[in-house]
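There are 2 protein chains.
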Amino acid sequence: MAENQQVALMRKARASASIDTQELTSLLWGSERIANERRAAFERVEKALGTYDTTKLPRRYSETSREDQFEQGLEMGKVCLNDMVAFDHEHFVWITPRYNLVNASPFGHKAILFEPSIEHNGTPEQKAKWLPLARAGKILGTYAQTELGHGSFVRGIETIATFDNDADEFVINSPTISSNKFWPAGLGFSTTHGAVMARLIVGDEDYGPHIFLIQLRSVEDGSPMTGIKMGDVGLKLGYNEADNGFASFDHVRIPRSHMLMAHSQLARNGTFTKDPLRAKLSYSVMLLVRSKMPGIFSVQLAQALTIATRYSVVRQQGLGPADALNIEATIIQYKHQHFRLLSLLSKTYAMFFASRICDGEYNKLREMQSKNDHSFLPSVHALTAGLKAYVTSEAVGGAEDARKMCGGHGYMATSGLPDIIGALAGGATFEGENYVLWQQVGRHLLKQLDRLQDGDTVEPHAQYLAGLNNPNEACTAQGEQFLVPDAQLIIFRDRAHRLVLKAHAVVRATGKSPVDAWNEHMILLISASRAHTEYFIVKSFHETISSLPDHTSSGLRDILKKICSLFALSTIINPGSVDALSFVETSGDLPPYLSSPQLDNIRSLANGLLNQLLPEAIVLTDAWDFSDASLCSAIGMYDGNVYENIMRWVEQLPINKNAWENSGVQKGWKNWVDPILKGNVEGKAKL
Amino acid sequence: MAENQQVALMRKARASASIDTQELTSLLWGSERIANERRAAFERVEKALGTYDTTKLPRRYSETSREDQFEQGLEMGKVCLNDMVAFDHEHFVWITPRYNLVNASPFGHKAILFEPSIEHNGTPEQKAKWLPLARAGKILGTYAQTELGHGSFVRGIETIATFDNDADEFVINSPTISSNKFWPAGLGFSTTHGAVMARLIVGDEDYGPHIFLIQLRSVEDGSPMTGIKMGDVGLKLGYNEADNGFASFDHVRIPRSHMLMAHSQLARNGTFTKDPLRAKLSYSVMLLVRSKMPGIFSVQLAQALTIATRYSVVRQQGLGPADALNIEATIIQYKHQHFRLLSLLSKTYAMFFASRICDGEYNKLREMQSKNDHSFLPSVHALTAGLKAYVTSEAVGGAEDARKMCGGHGYMATSGLPDIIGALAGGATFEGENYVLWQQVGRHLLKQLDRLQDGDTVEPHAQYLAGLNNPNEACTAQGEQFLVPDAQLIIFRDRAHRLVLKAHAVVRATGKSPVDAWNEHMILLISASRAHTEYFIVKSFHETISSLPDHTSSGLRDILKKICSLFALSTIINPGSVDALSFVETSGDLPPYLSSPQLDNIRSLANGLLNQLLPEAIVLTDAWDFSDASLCSAIGMYDGNVYENIMRWVEQLPINKNAWENSGVQKGWKNWVDPILKGNVEGKAKL
């Protein structure tokens with residue numbers, strides 16, 4: 001059969017690249033071996049799930065109800081657990097076979113929250129008792145902190161664990177509607193145990209939130225334990241594979257030994273003790289999940305861009321800037337599409353590499369903490385908070401733009417994009433609401449300036465605040481100098497510095513109460529936190545490039561440098577950039593940091609980079625090595641054969657097959673359409 | 001029963017307003033009479049659909065499959081048609097009972113596209129034959145233009161209508177996979193006739209796209225006509241009540257008289273004639289839908305903000321800027337939430353009032369065209385294109401931000417927000433892809449400058465381009481002057497002027513071919529078009545205020561002025577504003593248009609407006625008069641009783657009821673959970 005137009009366009013776009021896909025894949029995933037093992041694991045799981053053969057319509061698109069989606073999540077969760085045991089790997093600990101954060105599995109909390117919460121908060125005896133059971137899957141756990149009425153503000157939770165001295169037990173109770181535990185994955189129907197946050201009450205004393213291990217269901221038959229009512233929260237924007245659930249407790253009794261007591265202890269006689277230093281360790285569970293999110297969300301954004309890029313090189317539209325060989329131009333040739341796709345792609349690479357550096361910092365912290373040195377905690381806390389907030393915001397915005405770039409076809413579920421967007425959309429809220437996190441970063445930065453004023457040292461990532469340079473002094477770079485890493489770094493550094501200084505000045509100087517001053521200048525504080533994080537990302541990209549493995553080819557080095565420059569420069573001049581004014585605003589009557597000619601200079605250089613990177617677009621997305629099954633997209637398959645792929649799936653939709661088996665008439669016709677046609681519905685509605 | 005905390009907070013927030021809700025409602029909907037008629041129509045339809053009693057879980061959330069959602073759409077479509085006939089009104093011609101564009105109904109194309117396409121393109125005989133049938137509902141029509149492979153570029157469509165001279169018939173055929181008609185609402189299963197765009201082929205001659213009336217299904221029993229294969233495109237991000245469908249034609253024959261021949265004619269002998277002047281009328285069908293979208297999308301954004309505002313005044317979190325009466329602060333008291341909510345609300349009002357002015361311009365055009373004067377067409381075309389692109393972009397972004405402002409609970413389907421966002425998301429693409437539209441506006445603006453250079457007049461909405469002022473000259477306003485309408489107008493006008501001049505200079509001056517020059521500077525062109533449109537919106541708001549009905553109270557006038565100022569000023573300094581740099585960028589070495597102190601001045605004034613408008617927040621959303629059923633939101637009901645409302649609906653979810661009827665065990669337990677617990681799944685995955 002002759003190659004059709006779309007397949008030919010894809011082949012051509014793929015052939016235009018100068019770099020080797022496999023080399024980049026190995027760099028992204030760590031090594032060629034890891035990349036191959038990943039691919040093999042995905043293939044096995046996709047075969048077990050029946051999604052590997054992408055000529056078949058995925059169940060996700062044929063069985064679409066809330067109930068069906070949950071059922072698919074149960075199957076997916078079990079298949080992944082089986083594969084990790086059978087082949088001894090961890091590829092699905094953090095992500096699902098579609099690159100969602102594993103919270104999208106009914107068993108998602110098992111390894112990333114339930115076990116770590118015991119690991120980090122349990123005594124040696126508690127760990128010895130519970131961890132083997134949890135790891136062996138003899139019990140399935142979830143972590144239940146948030147309540148219907150309480151999210152970020154942990155101190156506000158209402159569930160209570162009252163100590164009954166006579167029985168040596170806690171009585172767990174949900175005193176109000178708003179105290180229903182709400183949101184934990186698997187809490188609805190699929191887990192047997194919960195690490196449940198509740199206020200410890202002893203006599204008249206309220207010792208605040210602590211973690212209690214509570215059996216939720218019978219391990220034998222799944223029936224709920226007496227006094228516990230659980231269920232699902234219903235359909236969501238995403239993560240419908242999981243039964244994010246609620247639970248209310250009606251005077252449920254658990255032994256005293258089920259309170260996790262590594263940091264606080266309740267003795268048999270009701271005496272409460274607390275070790276404030278060790279309590280800092282409990283933060284690191286939260287940091288663990290948060291530190292993983294930037295990487296995962298960057299990769300899921302890369303999925304959306306893979307779909308959009310593939311579609312954009314085969315979709316033709318109009319007599320635009322076509323090359324000589326085609327009649328109609330492909331949509332990637334239009335500058336607005338070209339600009340959005342490649343600047344988003346460069347941002348994805350930037351965020352991904354920054355997440356790698358962040359991983360390293362988290363590991364360093366864990367190592368220090370294991371030696372009881374917690375001094376690095378504030379730095380890593382601020383870093384993960386900022387990066388989590390930045391990446392989750394940019395990822396969902398970027399994926400939504402990827403969807404728009406696919407026009408109508410991106411609006412169909414079968415494009416795969418609505419599911420990706422739905423999953424990414426959750427990231428702004430869970431594991432730390434982004435605006436709460438930005439404020440934590442802001443608080444940290446102002447403290448660093450306080451320390452400087454007091455002559456103290458500042459933490460490594462805020463070191464630039466101690467510099468002697470004046471960030472309000474206009475940028476002096478010209479022409480091609482904007483392509484030099486240092487020039488880019490200085491622009492982002494000075495901007496962050498200006499904003500932090502300005503925020504510090506107004507918050508600390510004001511005559512208002514600290515709380516009111518904070519609230520009044522919150523927008524500025526958030527901008528400062530964001531600029532600080534963006535500087536870290538640009539810096540991380542340059543550091544990644546300067547520490548590439550020796551064997552990296554010069555071609556790949558060159559392309560990565562261009563992607564890095566495109567990220568830095570397009571961020572400055574992208575009409576959609578957040579806080580764009582802060583790149584030029586200085587102070588008082590000083591000239592702007594970047595002049596109009598400098599901005600036009602940057603625009604022109606960004607345009608040049610766009611042209612140089614256009615031939616690499618397909619390889620830059622292929623390199624993530626997403627399987628067709630993981631993308632689950634009729635318009636984003638490797639072959640580029642979009643129209644045939646769409647129609648193949650559409651023809652398998654049950655709604656169509658059922659109608660066609662009934663002479664092409666859909667079952668609602670009789671009830672709803674026929675009466676209109678027969679009923680003389682006079683449309684008085686004139687236009 | 002004692003009033004709970006949330007209900008008390010809502011009552012308090014509602015009582016804090018200074019203006020009268022009903023006065024604003026009447027202003028928004030046109031008059032008190034119209035507002036009352038609307039409300040009554042919604043109430044009747046909601047009762048017929050069973051959604052009026054909002055203690056009952058809406059079917060939308062209990063029956064969630066693709067098939068179920070379509071069935072709900074059929075019922076909704078029929079109930080609305082019935083009500084409009086029975087009570088002789090037009091409230092559901094453009095919107096559904098949930099304020100979606102009516103394309104979300106399987107019968108949505110009937111009155112807004114099918115009938116107008118006959119009205120505007122049919123000969124008197126054709127109109128006399130078809131319109132009564134269509135209006136009486138004896139036939140149900142859809143408008144089928146886009147194809148699987150062709151969207152915005154109408155000239156590229158592939159479906160052909162070949163004239164068979166012997167039979168005096170057309171043979172309609174789909175020659176390729178990509179020529180499948182794709183997307184029209186109702187095309188899947190629910191319409192009997194289509195106004196189908198196809199290329200007219202006579203002998204060897206291709207006369208390009210024309211509209212043909214084709215019977216798709218039997219009016220008697222709904223079976224497809226011979227040679228036509230139709231079906232649904234599957235689940236989408238939104239609009240799942242409609243069967244957006246596909247159709248392929250296999251040599252389907254229709255009489256010659258079924259080509260709509262008002263502007264082009266094919267005689268019995270195959271002679272083709274065309275009236276170029278009359279052909280301009282065919283644009284106005286497209287303009288009709290496009291001119292309605294800004295209003296509809298603004299109102300749907302108002303829905304999202306109503307939900308988010310109501311939630312924000314009753315949701316408590318943390319010990320922030322609480323007032324004396326509460327322990328925990330409500331989230332609207334946090335400046336980031338306060339700023340985002342009220343600046344979005346001000347934008348919604350601005351866009352809504354602009355859509356009103358746009359409606360007036362469209363009506364003026366239609367009146368002129370009825371006298372065969374088409375001179376106003378380019379102006380209205382550019383205006384509707386720009387406003388459609390602006391509003392649809394801002395509306396989906398704003399609704400998505402409203403969702404984020406509701407934290408986890410906004411992520412639940414039952415919040416109502418995912419459906420609103422899904423519906424708004426379509427707007428960027430359908431009825432003119434936004435980036436295509438921005439370019440049309442840009443082309444129009446450059447033409448206006450060409451005309452000026454040639455000494456010709458320019459159209460009214462681009463009149464400012466003819467001004468003698470130098471838009472690169474720095475703004476001189478200071479202090480409270482930024483609250484004066486003229487000062488705000490000049491800032492937006494000068495910015496648009498600067499961008500249009502700059503785009504004109506680079507596109508026209510370049511040595512490249514016009515197509516390449518256009519493509520190279522496309523980002524700038526789009527910025528210019530957007531700034532032009534934003535200026536129109538600010539201007540429309542001020543015009544609306546200065547032409548309020550005489551009986552308008554001074555209190556309402558004052559609040560509207562503040563909302564208008566908040567829109568103008570917050571757009572300049574909002575960290576998320578698009579094209580923010582263009583407010584300060586001038587040219588060459590000239591000082592910035594706005595200095596850093598001026599920007600801080602604007603920030604401080606915006607802060608003051610935020611504080612003044614905070615007590616009005618609930619009334620500013622109540623005034624849209626959305627029924628609880630139309631919002632379909634557990635967290636956005638009028639009473640503010642969010643936690644009880646959430647749990648009441650959650651407990652009615654079938655997935656929960658089914659489990660509870662089975663001793664609390666969900667049916668997947670046996671297949672997927674039990675084997676893990678019994679199967680010794682060793683989680684080797686260490687962290």
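Chains as they are written, first to last, in UniProt numbering: chain A, 1 to 687; chain B, 1 to 687.
Note that beta-carbon positions come from the ideal geometry of N, C-alpha and C, so glycine has one too.
Between residue 108 of chain B and residue 304 of chain B, the gap from beta carbon to beta carbon reaches 8 Å or more. With a threshold of 16 other beta carbon atoms within 10 Å, residue 3 of chain A falls short and is exposed.
The beta carbon of residue 582 of chain A sits closer than 8 Å to those of 495, 498, 499, 527 and 531, all from its chain and outside the five residues before and after it, given in chain order. Judged by their CB atoms, residue 199 of chain B and residue 161 of chain B are nearer to each other than the 8 Å cut-off. The C-beta distance from residue 666 of chain A to residue 114 of chain B rounds to 19 Å, too long to fall under 8 Å, and the pair is not in contact. If you look at residue 535 of chain B, you'll find it in the alpha helix (DSSP H) that goes 522 to 546. At least one C-beta of chain A is nearer than 8 Å to the C-beta of residue 580 of chain B. Taking residue 89 of chain B as reference, the option from B:358, B:36 and B:515 with the minimal CA-CA separation is B:36. Assigned with DSSP and collapsed to three states, residue 23 of chain A falls in helix. Near chain B, meaning a CB-to-CB distance below 8 Å, the residues of the segment 135 to 150 of chain A are 135, 136, 137, 138, 139, 140, 146, 148, 149 and 150.
Chain-ordered, the chain B residues with CB closer than 8 Å to the CB of residue 334 of chain A read 435, 519 and 522. For residue 163 of chain B, the enclosing beta strand (DSSP E) starts and ends at 160 to 164. Between the segment 416 to 433 of chain A and the segment 627 to 643 of chain A there are three or more inter-stretch CB-CB distances shorter than 8 Å, so the stretches are counted as touching.
Under the Cβ criterion (8 Å, minimum of three pairs), the segment 247 to 261 of chain A counts as touching the segment 158 to 173 of chain A. Every alpha helix (DSSP H) stretch that sits fully inside the segment 411 to 484 of chain B and reaches 4 residues is listed by chain position as 417 to 426 and 434 to 453.
Assigned with DSSP and collapsed to three states, residue 83 of chain A falls in helix.
The beta carbon of residue 224 of chain B falls within 8 Å of a beta carbon belonging to chain A, placing the residue at that interface.
At a cut-off of 8 Å between C-beta atoms, residue 204 of chain B does not count as an interface residue with respect to chain A.
Any Cβ of chain B closer than 8 Å to the Cβ of residue 672 of chain A would place that residue at the interface, and such an atom is present. Ranked by how close their Cα comes to the Cα of residue 486 of chain A, the residues A:645, A:595, A:543 and A:135 have A:543 in first place. Taking a 10 Å sphere around the C-beta of residue 404 of chain A, we find 16 or more other C-beta atoms and assign the residue as buried.
In the pairwise beta carbon analysis, the segment 597 to 616 of chain A is classified as touching the segment 555 to 566 of chain A: at least three pairs are separated by under 8 Å. Out of B:136, B:203 and B:72, the CA that lies nearest to the CA of residue 266 of chain B is found in B:203. Contact between residue 194 of chain B and residue 142 of chain B holds: CB atoms are separated by about 5 Å, below the 8 Å threshold.
For chain A, the residues of the segment 585 to 597 of chain B that bring a beta carbon within less than 8 Å of one of its beta carbons are 585, 586, 587, 588, 589, 590, 591, 592, 595, 596 and 597, in chain order. Here residue 55 of chain B is exposed. Its C-beta has fewer than 16 other C-beta atoms within 10 Å. A direct Cα-to-Cα measurement between residue 131 of chain B and residue 346 of chain A gives close to 54 Å. Using a CB distance cut-off of 8 Å, residue 231 of chain A counts as an interface residue toward chain B. Within the DSSP secondary-structure output, residue 194 of chain A pairs in a beta bridge with A:142 and A:214. What residue 512 of chain B touches in chain A, judged by beta-carbon distance under 8 Å, is nothing: the nearest beta carbon there is about 10 Å away.
In this model, residue 476 of chain A and residue 179 of chain B are separated by some 55 Å (Cα to Cα). Take the alpha-carbon of residue 628 of chain B and the one of residue 620 of chain B: they are about 16 Å apart. Short of 7 Å from the beta carbon of residue 434 of chain A, and not among the five residues preceding or following it, lie these beta carbons of its own chain, in chain order: 389, 392, 393 and 428. For residue 429 of chain B, the C-beta contacts it makes with chain A under 8 Å involve 404, 407, 408, 410 and 411, in order along the chain. With 16 or more other Cβ atoms inside 10 Å of its own Cβ, residue 340 of chain A counts as buried. Secondary structure note for residue 353 of chain A: it is in no beta strand (DSSP E), and the uninterrupted alpha helix (DSSP H) holding it is 335 to 370.
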